[in-house]
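Residue numbers (this note's numbering): 224 to 478.
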């Protein structure tokens with residue numbers, strides 16, 4: 224059993240079979256407990272923002288329902304309803320790459336179709352750059368973890384990447400609702416349809432290229448063949464600015 228939980232949180236899971244979810248790069252500890260998910264992490268902007276996003280997007284039925292959360296001793300504990308289906312990194316989806324790509328594109332269109340004018344979600348590229356700088360200053364970014372296929376010998380430190388991102392910050396004219404970490408493990412679906420999105424700590428308003436960039440990288444990582452990445456771009460059927468793709472991949476190196 225999971226130790227040290229607040230009593231009210233423990234009550235939700237005490238009679239359920241729980242196992243730890245090890246997939247993903249998040250610092251949070253996540254446990255799947257039958258039909259609910261326990262997520263706990265040290266209090267930070269990202270986890271607090273995720274709680275806020277879960278509340279605000281619940282009426283749209285594209286995110287899990289936030290059942291309860293507690294902040295105690297610099298920790299946040301959230302009880303979240305499990306979405307129908309499985310995340311797209313699971314073998315049930317990977318064995319059908321063409322359908323997988325269709326589901327990924329379906330998910331993007333769900334996000335992009337949501338009117339942003341009434342969304343009280345103000346996390347933007349400016350905020351991401353500030354958060355990246357804060358992470359660097361707190362020693363949370365390790366240049367030894369950089370992906371050389373993205374860095375390409377252009378930068379020797381996180382500070383150099385950040386300076387490049389600030390100098391080349393794009394002006395985004397057509398803002399959309401962006402997941403911010405649109406990778407296969409963060410999209411849930413049945414074989415027929417996308418059922419929702421998880422790990423919402425970087426949801427905000429940004430360029431479509433934010434999610435396109437991370438999605439394309441995740442396709443290559445999970446399917447291990449660039450033919451599927453090319454298929455994704457073709458099926459997406461919108462103009463791709465590969466300078467922006469590079470920009471958002473570099474930004475993600477700081478998170």
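Virtual Cβ for every residue (Gly too), placed ideally from N, Cα, C.
Within 9 Å, strictly: CB atoms of residue 291 and residue 235 = yes
In DSSP terms, what residue 254 is bridged to | Residue 254 is bridged to 243 and 261.
Quick one: is residue 386 buried, meaning 16 or more other Cβ sit within 10 Å of its Cβ, or exposed?
-> exposed
Return the chain-ordered list of same chain residues with a C-beta closer than 7 Å to the C-beta of residue 366, the five sequence neighbours on each side being excluded.
-> 380 and 381
Are the beta-carbon atoms of residue 411 and residue 309 separated by less than 9 Å?
-> Yes, they are a contact pair.
Cut-off 8 Å between Cβ atoms - residues of its own chain near residue 297, not counting five sequence neighbours on either side | Answer for residue 297: 265 and 266, listed in chain order.
Determine the DSSP secondary structure at residue 319, reduced to helix, strand or coil.
-> In the structure shown, residue 319 sits in coil (DSSP, three-state: anything other than H, G, I, E or B).
Taking the beta strand (DSSP E) that residue 418 falls in, what are its first and last residues?
-> Element bounds for residue 418: 417-420.
Taking C-beta to C-beta, are residue 301 and residue 289 nearer than 9 Å?
-> yes
For residue 279 and residue 418, the rounded distance between their alpha carbons | 17 Å
Output the distance between the C-alpha atoms of residue 453 and residue 324, rounded to the nearest integer angstrom.
-> 11 Å
Kindly indicate the opening and closing residues of the alpha helix (DSSP H) around residue 304.
-> Taken as a continuous stretch (DSSP letters only), residue 304 belongs to no alpha helix (DSSP H), being part of the beta strand (DSSP E) at 298-304.
With DSSP run on the structure shown, which of helix, strand or coil describes residue 427?
-> strand
So who's on the other strand from residue 292, going by DSSP bridges?
-> Answer is 301.
Compare the Cα-Cα distances from residue 408 to each of 239, 421 and 336 and report the closest residue.
-> Of 239, 421 and 336, the smallest CA-CA separation from residue 408 is found for 421.
The region 434-441 / the region 467-475 touching (three or more Cβ pairs under 8 Å) = Short answer: they touch.
Distance between residue 226 and residue 239 (C-alpha atoms, nearest Å) = For residue 239 and residue 226, the gap between their C-alpha atoms comes out near 14 Å.
If we ignore side chains and look at the alpha-carbon of each, how far apart do residue 449 and residue 244 end up?
-> 28 Å
With DSSP as the reference, label residue 400 as helix, strand or coil.
-> DSSP places residue 400 in strand when its eight states are reduced to three.
Buried or exposed (CB count within 10 angstroms, at least 16 for buried), residue 377 = exposed
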